[in-house]
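J.:
Numbering (the working numbering), first residue to last: 888 to 1392.
#1: Could you tell me which uninterrupted alpha helix (DSSP H) segments, each at least 4 residues in length, are contained entirely in the segment 1234-1263, listed from first to last along the chain?
#2: Could you tell me if residue 1134 is buried or exposed, where buried requires 16 or more neighbouring beta carbons within 10 angstroms of its beta carbon?
#3: Any contact between the segment 990-1010 and the segment 1075-1088? By contact I mean 3 or more CB pairs, one from each, below 8 Å.
#4: In whole angstroms, what is the alpha-carbon distance linking residue 1025 and residue 1049?
#5: Would you call the CB atoms of residue 963 and residue 931 closer than 8 Å?
#6: I'd like the span of the alpha helix (DSSP H) that includes residue 1195, first residue to last.
#7: DSSP three-state call for residue 1475: helix, strand or coil?
#8: Rounded to the nearest angstrom, how far is the Cβ of residue 1129 from that of residue 1101, given a contact under 8 Å?
#9: Among 889, 983, 1327, whose alpha-carbon lies nearest the alpha-carbon of residue 1017?
#10: Return the bridge partner residues of residue 1037 from the DSSP annotation.
#11: Can a CB atom of chain C be found closer than 8 Å to the CB of residue 1356?
#12: Taking three-plus beta-carbon pairs below 8 Å as touching, is the segment 1114-1129 in contact with the segment 906-913?
#13: Taking Cβ positions, are residue 941 and residue 968 nearer each other than 8 Å?
#14: Just checking, does the segment 1029-1043 make contact with the segment 980-997 on the three C-beta pairs under 8 Å criterion?
#15: By how many angstroms is the C-alpha of residue 1303 removed from the C-alpha of residue 1157?
#16: So what's residue 1323 in DSSP terms, helix, strand or just coil?
#17: Using C-beta distances below 8 Å, list every residue in its chain close to residue 1178, excluding the 5 sequence neighbours before and after it, in chain order.
#18: Could you tell me how far apart the beta carbons of residue 1318 and residue 1376 are, in whole angstroms, since I believe they sit closer than 8 Å?
#19: Could you give the residue range of the alpha helix (DSSP H) that holds residue 1166?
#20: To the nearest angstrom, how far is the alpha carbon of residue 1207 from that of residue 1364?
#21: Can you tell me which of the three DSSP states residue 1129 falls into?
#22: Please classify residue 1155 as buried or exposed, where buried requires at least 16 other C-beta atoms within 10 Å of its C-beta.
#23: Rounding to the nearest angstrom, what Cα-Cα distance links residue 1282 and residue 1105 in this structure?
#24: Need the endpoints of the beta strand (DSSP E) that residue 1351 sits in, please.
#25: From the DSSP output, which residues share a beta bridge with residue 1047?
#26: Closest to residue 1234 by CA distance: which of 1037, 1078, 1267 is it?
#27: When the Cα of residue 1353 is compared with those of 1340, 890, 1345, which residue comes out closest?
#28: Indicate whether the contact test is met: 3 or more Cβ pairs, each with one atom in the segment 1288-1296 and one in the segment 1178-1192, closer than 8 Å.
#29: Give a yes or no on whether the C-beta atoms belonging to residue 974 and residue 954 are separated by under 8 Å.
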């Protein structure tokens, strides 16, 4: 292992290389390394024509993370799971300025071990019936001329998808401490992410592993159990200053991300928009029905459900976040992927193994569009590309699904009267209930065939997925059926046992 500067690391990377980057969303990205790549390209024109492979695309929507590489000619191809935090790179993808593919985050996370083992790819049912399926576009973004890389195969009469492996040249990773032999600990990182599998994959492809750390210690100072990347996998270490190495883009450092003894600031709920509070409160009540459940909370409104469950005195469930963090209180915004006072931290791919095998009892997820069949889009809206992230893995395998969101967006508001009835419902400019979703991230008919129970919770009512489509089963006090039908742009069924939606702000 050699200690080098970020500029020296960038100079090592050859034109046309395939690069994997460390981090999860707004957590754990080696910014010194991607900054150096950008600087080198602008100054010398090299490295260029890179290919990126990433699971949870790292960024802050403001230029950090992978968006540092969003330059024409620097990157020409990308395969990614979540794109929402690197909008400049996503814009290049949508405009066809790079060859881009959106695969499920859990698929890419697990693909690294397949690359390390020199296997032909990952065979899974995850993605069937969605936009990743070659029958629905094959995950190609932007260029209609690009060919899908995903291959449908049949095993024992069952249809699967084969996501192919590809050779890797460089891993740009991040750890906390390196010893003089290159052993890397992640003791102050929010999670382990995919660092070990990424390092093994690149090393077995004959590539180089470069790790950004904030401290170098003498050999023997690290406990063996604390080493997450053994030194024989590490070629180079780049030392960062503390200010250059935040735990997340939202918090520079929070001791509670790695300990269970830290005091936790309560989530301030009362200042949030009324509609979001109504939905989160109503959704939290579902946890009464699932004692000791394993649950996943998505980003946005679902991230508030844990705080409402605590307010309601609901305990006994275990929350996990796709990054590999189990238990505790999931953080949100530019800290999503971290949890305060977690119970355990495991590899991202290991948690997706549990998810993909049906280990989740309940999942609360957001939605961007819902259509008359109950299909959901969270991955693409015109020129905006959030990407699928872990949504497909979770929504195809959780036993009970709750999609949580407002009926409209961009200007929507509601208010509550003193009697708890909804008043002054103002629609936003964008309707989220549409005739047909623009991107098929969740296939509702397939979910029914799998035996999943699917519910949609909004500020005006609760819908359940039936074979005929959506059925209104609860109506918020103060809201008329006429109002609901106006907000939902397609016919809906109404339960003969329609109940009043209960929530407590």
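By construction, the Cβ of each residue, glycine as well, lies at the ideal position given by its N, Cα and C atoms. Everything numeric in this text was worked out from a predicted model, so none of it was measured.
T.: So, from the listed chains and residues:
#1: 1235-1243
#2: buried
#3: yes
#4: 11 Å
#5: no
#6: 1192-1198
#7: The question about residue 1475 has no answer here: the residues shown for the chain are numbered 888 through 1392.
#8: 6 Å
#9: 1327
#10: Note: residue 1037 sits in no beta bridge, so no partner.
#11: Within the model displayed, chain C is absent; a lone protein chain is all it includes.
#12: no
#13: yes
#14: yes
#15: Looking at the two C-alpha atoms, the distance is approximately 13 Å.
#16: coil
#17: For residue 1178, where only same-chain residues beyond five positions count, the Cβ hits under 8 Å are 1203, 1204.
#18: Going by Cβ atoms, the distance from residue 1318 to residue 1376 rounds to 6 Å, so yes, they are a contact pair.
#19: 1161-1171
#20: Rounded to whole angstroms, residue 1207 and residue 1364 show a C-alpha spacing of 33 Å.
#21: In the three-state reduction of the DSSP assignment, residue 1129 falls in the helix class.
#22: exposed
#23: 46 Å
#24: 1348-1353
#25: 1040
#26: Of 1037, 1078, 1267, the residue nearest in Cα terms is 1078.
#27: Looking only at 1340, 890, 1345, the smallest Cα-Cα distance to residue 1353 is reached by 1340.
#28: At 8 Å Cβ cutoff, the stretches touch.
#29: yes
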